[in-house]
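A short worksheet on the structure shown next.
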Amino acid sequence: MYLETQPGEVSVQISPVFHSSARFNQACDPDIVLVSSDNGGFYVHSPRLLAASGNSFAGLLPVFAGPASRAPPVVHVADDAATLDVVLRAVYLLPVDAAAVPLDVLARAVDAGLRRYALPAPPFVAPGTCPVFDALMAHAVARGVGGAQAVYTIAARNGLEPLAVAASELLLSLDISTITDDWSIQLVVLNAEAASKIRSNMWSSNGPQPRYEPEHLSEAPWGLGV
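Numbering (the numbering used here), first residue to last: 28 to 253.
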């Protein structure tokens, strides 16, 4: 499906999820179209985005089309379609399929959501109800120690303590001698309480065993490593 454009304009491919009639339990049809940097189109509800964002969705909203307009206004954003899709799924609390979304896309979405669009860390990346948190932990489980390190780095860079502690549960088998200076510095960016939980998980010979089993990802309780 493509957004209608003027002659000479680049075609915009509409998301199969965020299309013109997708309401997602909202009271009205979408009232705005976000267009990604690679020309992906997403029909969304500006009240939903404004309610979720602390900076009017990077200052892009609200946009008024005027009473004579028959089509929702189009707003261009800086992120590519894959990244924007994850951000919007988090806003609408829609599932994020970790098998279909690479870890680097999830990392970009976390950065964009927290930094560009000022989505609050909880609930944007939080255990229990957040599809982005679950997708990140699914990658941490499926990719072993390397995946857990990558997810922990994402958490540390953004100050996401629950995610960092949960990822640390999967680092019990990490060979301490292989830790680089660049990665070890991530351990000091969180507060003392979180750092204590993480060190307990990673270095204690009597530390807790990981509670995440790859074959039961959908049922995994993404709790803290305490």
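Just so you know, even glycine gets a beta-carbon here, dropped at the ideal spot from N, CA and C. Since we're looking at a predicted model, the values are computed, not measured.
- Cβ contact annotation for Ala85 (same chain, cutoff 6 Å, sequence separation greater than five): Arg143 and Tyr144, in chain order.
- Here DSSP, grouped into helix, strand and coil, assigns Phe45 to coil.
- A distance below 6 Å between beta-carbons, with the five flanking residues on each side excluded, links Ala167 to the following residues of its chain, in chain order: Gly174, Ala175, Val178, Ala194 and Leu197.
- Counting only runs of 4 or more residues that sit fully inside the stretch 108-163, the alpha helix (DSSP H) segments are 108-119, 130-138 and 148-151, in chain order.
- Rounded to whole angstroms, the Cβ separation of Tyr119 and Arg50 is 10 Å, and the two are not in contact under 8 Å.
- By the neighbour-count criterion, in which a residue is buried when 16 or more other Cβ atoms sit within 10 angstroms of its Cβ, Arg116 is buried.
- A distance below 7 Å separates the beta carbons of Leu146 and Gly140.
- Judged by beta-carbon spacing, Val104 lies beyond the 7 Å limit of Val159, meaning their Cβ atoms are not closer than that value.
- Taking 7 Å as the cut-off, the Cβ atoms of Leu61 and Val102 count as close.
- Following the DSSP letters along the chain, one finds Leu190 inside the alpha helix (DSSP H) bounded by residues Glu188 to Ser195.
- Beta-bridge partners of Leu77 (DSSP): none assigned.
- CA-CA distance, Val71 to Met164, rounds to 27 Å.
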